[in-house]
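For reference, the structure discussed in these notes is given below.
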Amino acid sequence: MTVIVTGGAGFIGSNFIFYMLDKYPDYRIVCLDKLTYAGNLSTLSTVLDRSNFRFEKLDICDREGVYKLFEEESPDIVVNFAAESHVDRSIEDPSVFLNTNIIGTSVLMDACRKYGIIRFHQISTDEVYGDLPIDRPDLFFTEQTPLHTSSPYSASKASADLLVMSYHRTYGLPVTISRCSNNYGPYHFPEKLIPLMIANCLSNKPLPVYGQGLNIRDWLYVEDHCRAVDLIIHKGRVGEVYNVGGHNEMMNIDIVKLICKELNKPESLITFVTDRKGHDMRYAIDPTKIYNELGWRPETSFEQGIKKTINWYLDNRTWWEEIISGDYKNYYDRMYSNR
Ligand code: NAD
Ligand code: TYD
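Count the sequence shown with the numbering used here and you get residues 34 to 372, in order.
Printed below as a string of structure tokens:
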């Protein structure tokens, strides 16, 4: 089997590559990544010289380049993680989100049609369902929940999902889609809530909580997501959407307090800042379909996962310190100073 993994130099894609190389030593894994600000080749340094691994620096919107790679590699499976993934950046400037997340996905699927594959898997997000009210803990996102997006990011991901289903119906492309809740774990880019709070705590910097910190996310350890994708690409039904989440809803403020506690830092570092525009209140996945059809269950509790994650950031300071000392500084100033 040859598997093309797009966006494999980012957070979830890199964890998926490690998972796949470990589990399927006879598979060939080809990583296609543009290395945007969020992609980091050093993340893949331990696997770069493996004979069954290839890294190709490429934009998924580059049709000629993508076709050439498909011609050379004849992939059996394509898993599309490549995306602009940060809601706050999409609020600043939606255009690159539309290009990568929508046009890029269509270029990849055109290549799949042209060269033939057995599966195109689209990594989507629970954010395509919009949000749920905070006072209705009985409500969850199922695969039947209508798409109802809030941010340019989620709108671009929902658009891609619609395109994926249209390629299935119109051209018979063998597709699957997974819509996962918020991931956390190693190699998470420090602009996102959990790694940002860990990095700021370790530098004794203020911890910027949006609004009152009452928003709820449904957190899943990244390895559990990778296992779900593995099951879906091998055993999932073509043309189907699978929600992925482990019933682990937490308020932002409680997560930030927990990180302070684990790192022995005072809660006085917490600063409440102006809320995100259009901020989704609550995400909560109903994972019944993947539980029943594929027997998937999360294996890492939040208690274990957050400890593992914090330890990883303590043990891998160079990885994130290099990031936050570069271009990221400008982003951080734009986003947080005088907020
Ligand atoms: P990330 O931002 O950490 O990584 C994205 C990767 O894609 C980077 O390596 C980047 O260089 C690459 N990339 C961006 N534009 C590209 C382009 N035009 N061509 C090729 N490569 C490009 O993102 P992530 O958090 O790992 O998310 C991966 C996928 O999972 C995304 O599709 C995202 O929507 C989805 N998702 C993420 C979460 C989460 O909590 N992080 C939850 C659910 C779904
Ligand atoms: P984030 O990690 O950006 O993921 P998403 O918005 O895609 O769910 O944010 C998670 C939650 O944390 C979200 O409600 C916004 C909030 N947040 C803060 O309060 N402060 C921050 O500095 C960041 C980055 C996020």
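Virtual Cβ for every residue (Gly too), placed ideally from N, Cα, C.
Since we're looking at a predicted model, the values are computed, not measured.
Nearest-angstrom Cβ-Cβ length linking residue i and residue j, presumed shorter than 8 Å
i	j	result
residue 378	residue 155	Here the chain has residues from 34 to 372 only, and residue 378 is not among them.
residue 47	residue 79	Incorrect: roughly 10 Å between the Cβ atoms, too far for contact.
residue 335	residue 285	Not really, about 14 Å apart at Cβ, beyond 8 Å.
residue 215	residue 169	Residue 215 to residue 169, Cβ: 19 Å. No contact.
residue 232	residue 353	6 Å
residue 103	residue 117	No, residue 103 and residue 117 are not in contact; Cβ-Cβ is about 23 Å, not under 8 Å.
residue 207	residue 146	Not really, about 11 Å apart at Cβ, beyond 8 Å.
residue 338	residue 218	7 Å
residue 39	residue 113	5 Å
residue 333	residue 257	6 Å
residue 222	residue 71	5 Å
residue 143	residue 318	With 8 Å as the limit, residue 143 and residue 318 do not qualify as a contact, their Cβ atoms being about 31 Å apart.
Buried versus exposed, by CB contacts within 10 Å (16 or more), residue i
i	result
residue 204	exposed
residue 122	buried
residue 321	exposed
residue 260	buried
residue 311	exposed
residue 351	exposed
residue 331	buried
residue 362	exposed
residue 229	buried
residue 201	buried
residue 267	exposed
residue 157	buried
Proximity below 9 Å, CB of residue i to CB of residue j
i	j	result
residue 234	residue 278	no
residue 115	residue 161	no
residue 196	residue 138	yes
residue 81	residue 316	no
residue 106	residue 87	yes
residue 308	residue 187	no
residue 134	residue 189	yes
residue 347	residue 292	no
residue 247	residue 167	yes
residue 111	residue 150	yes
residue 44	residue 225	yes
residue 109	residue 140	no
residue 56	residue 92	no
residue 58	residue 85	yes
residue 344	residue 298	no
residue 125	residue 367	yes
residue 100	residue 148	yes
residue 326	residue 269	yes
Any 3 or more C-beta pairs closer than 8 Å across the region 355-362 and the region 303-314
no
Touching by the beta-carbon criterion (3+ pairs, under 8 Å), the region 253-267 and the region 170-186
no
At a cut of 8 Å, does the region 255-273 reach the region 58-73 through at least three beta carbon pairs?
no
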